Amino acid sequence: MKQPVKRFFSELAKLKVLDWAILFNAVAILNLKAVPWFLTLLLLALAVAFLLKQAKWGQLELKTLLILTVPFCLGLIGLLVSENQNKGLEELSRLLPFLIFPVVLNCWKPSNKLFFIRLALGVFVSALLVLLFINFYESLVLYQQTGRTYHFFYTHFVKDINIVSFFILFGLLVLLEYFLKTKLMLKWLPLLLPPFLLLLVALILLEGRIVIAGFWVALLFLFFYYRTTVKKWVILPLLAISIGVFFLPSFQSRFSKISSNLAKESVSESQQAEDTQKNDAPGSISLHELPLPNEFGVPISPKSFQWKDFQPFILWLVAAVLLIAVLAYLLPLHRVLLFGLITYAAIATVFHFTIPHDGSYLKAKELVAQQDAGELYTKSNVASEKYRLNALMVTLELIQKKPLVGYGTGDWRDAMTLRYLDNGMIANFIEQTAPHNQYVRTWLRHGAIGWVVFMGYLLFLAKTAWRSQQTGIVAFVLCLLLCAIGYDIFDVGGSIPFIAFFSTLFLVGENTPSRSS
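Quick note: the sequence shown uses the numbering used here, first residue 15, plus one each step.
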């Protein structure tokens, strides 16, 4: 017991200024408002490290540095396609962590890379546990005051459920991967069990359906990935328990009525839910299908979609996948990405100087302003599944109009807003719903060429994780690939610094030998 603790504090004493700044950022990525301040602290620490000769450029291979900045490079090139430059620059500013973290950590010289990565993972997971513990305490206080159990569920428990669920999934997989990978003695297992259970309960309470489904898929993958170790059999009971608990009546507030308390909170909300159920009955018209008038008084009927309408997109998708396969076979991956970025930049430049803009973003801006002023529509009650399906259909429809270069960094939401109105999807128009799928959103923004580059970036991370022996990287990549199906995780502010931080941390120091801790 004393020897591991002594070794831990010995390694901790070796940390330098830049090391501590990086660790602070591992905590700051849990709070989006703190990220700009701690990024500034990181840059100042880098300057101090250079003055003390504790930093040196070149800790990442040049190709790795290029690949890690791909999300920022795509956003930068996408400005050439965008007509709404203000919105484009706003979105590009959110992508700055994909530039700052690779540049700073490229100058970072870890004395013990393996120890520091595990330390950063421990700090992040510990901070997440503290955050959840505080939320549980606040929910308990509210429950004692009102006697209503919904304080422990969904948005009542955590405001930003998508991002926090994403973080929790990563924490769960990191703890599980650490248990499977390391030669952990059984007497240490009770130390991992309480935080794991806390994270698991929080994940189920937040009821992010795609994240929970991703957790189940990730468990099956880890069972296969660590098939050579006897510890893998722990995964199957975890899978069974997580599935079983999820379907207990008290855990189903998102899919049916969680309890009578929630229904009694507001008479109007209860009545609205009953109206929605009646409207969804066979032969009736639901709220999102009502022909609502537009700003000119002309009724708008929602457009019905047929999959045959998307045959051009399917052809583009097949062509893009074949292009990735052929290029990846003929060329090294970093050359494929560099070639793709150059091609995308060239086409975007030609598009910028040859194709006139139609000013559609101004029309979208005017319509949104009218809606915000209450001059157009009242908000309607639509299930989240319908929001997502409408968003996906509209995204695929828009992609077919600009399949090669997309709508750029700033114009994609304006294009979707106008299309929602044209198709009679009033609820989506009011909310300005995003695609809720990173793969199609990337194609919408950056076209087929940008999509190929982005998929190459993900392929690089997956390939590195498959070959790597570092704890946490497999969990990280699994989170990205699975959650990208249901969330725009590379474009939403809360998840951007998280992805940029850990994608760089796992790959930094590739040219520097690391010692086992």
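We treat Cβ as the ideally placed atom computed from N, Cα and C, and that holds for glycine.
If you're wondering where the values come from, they're calculated on a predicted model, not measured in any experiment.
How many angstroms separate the CA atom of P50 from the CA atom of L106?
Here residue 50 refers to the residue found at position 36 when the sequence shown is read from its first residue. Here residue 106 refers to the residue found at position 92 when the sequence shown is read from its first residue. The straight-line gap from Cα to Cα measures roughly 14 Å.
* Asked: First and last residue of the alpha helix (DSSP H) that includes M407?
  -> As a working note, residue 407 is residue 393 in the sequence shown. Note, M407: alpha helix (DSSP H), 398-415.
>> Here's a check: name, in chain order, each residue in its chain whose Cβ is nearer than 7 Å to the Cβ of L90, leaving out the five neighbours to either side.
In response: Mapped onto the sequence shown, residue 90 falls at position 76. So the list reads L106, once near-sequence residues are dropped.
**OP:** Look up N448 in the DSSP assignment and say whether it is helix, strand or coil.
**Re:** Reading the sequence shown from its first residue, position 434 is the one you call residue 448. Strictly speaking, residue 448 in this sequence is Ala, with Asn absent from that position. Here A448 sits in coil by DSSP.
Report task. Mark G373 as exposed unless 16 or more other C-beta atoms lie within 10 angstroms of its C-beta, in which case mark it buried. Result -> Residue numbering aside, residue 373 sits at position 359 when the sequence shown is read from its first letter. That one is exposed.
- Query: Going by alpha carbons, who is nearest to Y453 out of I413, Q483, P124, Y434?
  - Reply: The residue given as residue 453 occupies position 439 in the sequence shown. Comparing Cα positions, the closest option is I413.
Exercise. Can you give the Cα-Cα distance for A63 and G72, rounded to whole angstroms?
Worked result: Taking the first residue of the sequence shown as position 1, residue 63 is located at position 49. Taking the first residue of the sequence shown as position 1, residue 72 is located at position 58. Cα to Cα, the separation comes out at about 14 Å.
If you reduce the DSSP assignment to three classes, tell me which class W71 lands in. For this step, residue 71 is matched to residue 57 along the sequence shown. Looking at W71 - three-state DSSP - the assignment turns out to be coil, as it is neither helix nor strand.
Query raised in the report: In angstroms, rounded to a whole number, what distance separates the CA positions of E389 and T447?
Result: Reading the sequence shown from its first residue, position 375 is the one you call residue 389. Reading the sequence shown from its first residue, position 433 is the one you call residue 447. Distance between the alpha carbons of E389 and T447 is about 20 Å.
Task: Proximity to T163 [Cα-Cα], best of L219, P209, L58, F235 - done: For this step, residue 163 is matched to residue 149 along the sequence shown. T163 has its Cα closest to that of L219, out of L219, P209, L58, F235.
ask   = Based on Cα-Cα distance, which residue from S509, P209, Q484 lies nearest to L519?
value = For the purposes of this step, residue 519 is taken as the residue at position 505 of the sequence shown. Minimum Cα distance to L519 is reached at Q484.
Distance, Cα to Cα, K416 vs L113? Taking the first residue of the sequence shown as position 1, residue 416 is located at position 402. Taking the first residue of the sequence shown as position 1, residue 113 is located at position 99. Straight-line Cα distance between these residues: approximately 28 Å.
Of the residues V178, F261, L212, which one's Cα is nearest the Cα of L44?
As a working note, residue 44 is residue 30 in the sequence shown. The residue with the shortest Cα to Cα distance from L44 is V178.
Assign H371 to one of two classes, buried (16 or more other C-beta atoms within 10 Å of its C-beta) or exposed (fewer than that). Position 357 of the sequence shown, counted from the start, is the residue given in the question as residue 371. Using a 10 angstroms sphere on the CB of H371, the tally of other CB atoms stays under 16, which defines it as exposed.
query = Within 10 angstroms of its Cβ, does I338 collect 16 or more other Cβ (buried), or is it exposed?
reply = For the purposes of this step, residue 338 is identified with residue 324 of the sequence shown, where counting begins at 1. Classification of I338: buried, given that the 10 Å Cβ count is 16 or more.
Supposed contact pair F515 and N39 - C-beta distance, whole angstroms, cut 8 Å
Residue 39 sits at position 25 when you count from the first residue of the sequence shown. Residue 515 sits at position 501 when you count from the first residue of the sequence shown. The beta-carbon separation of N39 and F515, rounded to 6 Å, stays under the 8 Å limit for a contact.
Q. Who are the Cβ neighbours of V467 in its own chain at under 7 Å, not counting the five residues just before and after it?
A. Position 453 of the sequence shown, counted from the start, is the residue given in the question as residue 467. For V467, where only same-chain residues beyond five positions count, the Cβ hits under 7 Å are V84, L88, L351, G354, L355, Y358.
**Cβ-Cβ distance between L458 and W426 below 9 Å** = By one-based count along the sequence shown, residue 458 stands at place 444. By one-based count along the sequence shown, residue 426 stands at place 412. The answer is yes: Cβ separation under 9 Å.
Worksheet item: Do F180 and A216 have their CB atoms nearer than 9 Å?
Response: The residue labelled residue 180 in the question sits at position 166 within the sequence shown. The residue labelled residue 216 in the question sits at position 202 within the sequence shown. No; because the gap between Cβ atoms is not below 9 Å, this pair is not in contact.
Worksheet entry | Burial state of S96, where buried means 16 or more other Cβ atoms lie within 10 Å | Here residue 96 refers to the residue found at position 82 of the sequence shown. Result: buried.
Q. Which residue spans inside the stretch 39-100 form an unbroken alpha helix (DSSP H) run of at least 4?
A. 49-65, 76-82, 84-92
Just confirm the distance between the C-beta atoms of F184 and F490, as a whole number of angstroms; I'd bet it's less than 8 Å. Within the sequence shown, the letter at position 170 stands for residue 184. Within the sequence shown, the letter at position 476 stands for residue 490. Contact flag correct, Cβ pair sits at about 6 Å.
Span separating the alpha-carbon of L403 from that of S482: Taking the sequence shown and counting its residues from 1, the one referred to as residue 403 is at position 389. Taking the sequence shown and counting its residues from 1, the one referred to as residue 482 is at position 468. For L403 and S482, the distance between alpha carbons rounds to 37 Å.
What residues in its chain sit with their C-beta under 7 Å from that of F428, if we drop five residues either side in the sequence? The residue given as residue 428 occupies position 414 in the sequence shown. The residue asked about is misnamed: residue 428 is Asp in this sequence, not Phe. Taking C-beta separations shorter than 7 Å and ignoring five residues to either side along the sequence, the partners of D428 in its chain run N98, S374, Y375, A378, following chain order.
To the nearest angstrom, how far is the alpha carbon of P511 from that of P204? Position 497 of the sequence shown holds residue 511. Position 190 of the sequence shown holds residue 204. For P511 and P204, the distance between alpha carbons rounds to 32 Å.
(Q) At the level of alpha carbons, what is the spacing between K1 and L65? (A) Shown here, the chain extends from 15 to 531; a query on residue 1 therefore has no answer.
Which residue spans inside the stretch 155-193 form an unbroken beta strand (DSSP E) run of at least 3?
none
| task | Grab me the residues of Q285's own chain with a C-beta within less than 7 Å of its C-beta, minus the 5 sequence neighbours each way, in chain order. | result | Sequence index remark: in the sequence shown, residue 285 carries index 271 (1-based). Reliability of the predicted coordinates at Q285 is poor, the pLDDT of 46 falling under 50, and the value obtained from them is presented with this limitation in mind. There are no such residues.
**Asked** Quick one, are the C-beta atoms of L74 and L32 less than 9 Å apart?
**Response** To locate residue 74, count along the sequence shown from 1; it is residue 60. To locate residue 32, count along the sequence shown from 1; it is residue 18. No. Outside cutoff.
Self-check item: Residues sharing a beta bridge with W122, DSSP
Solution: For this step, residue 122 is matched to residue 108 along the sequence shown. Per DSSP, A69.
Exercise. Is it right to say T160 is buried, meaning 16 or more other beta carbons lie within 10 angstroms of its own, or is it exposed?
Worked result: As a first step, residue 160 must be located in the sequence shown, where it is residue number 146. So T160 counts as exposed.
Discussion item. Since L186 and F210 should fall inside the 8 Å C-beta cutoff, what is the C-beta to C-beta distance between them, to a whole number of angstroms?
Written reply: Taking the first residue of the sequence shown as 1, we reach residue 186 at position 172. Taking the first residue of the sequence shown as 1, we reach residue 210 at position 196. The Cβ separation is near 7 Å, so the contact holds.
Q. Among V364, L55, P449, which one has its Cα closest to the Cα of F115?
A. Position 101 of the sequence shown, counted from the start, is the residue given in the question as residue 115. Of the candidates V364, L55, P449, the one whose C-alpha sits nearest the C-alpha of F115 is L55.
Is the beta carbon of L331 closer than 9 Å to that of G470? To locate residue 470, count along the sequence shown from 1; it is residue 456. To locate residue 331, count along the sequence shown from 1; it is residue 317. Result no, Cβ atoms of G470 and L331 do not sit closer than 9 Å.
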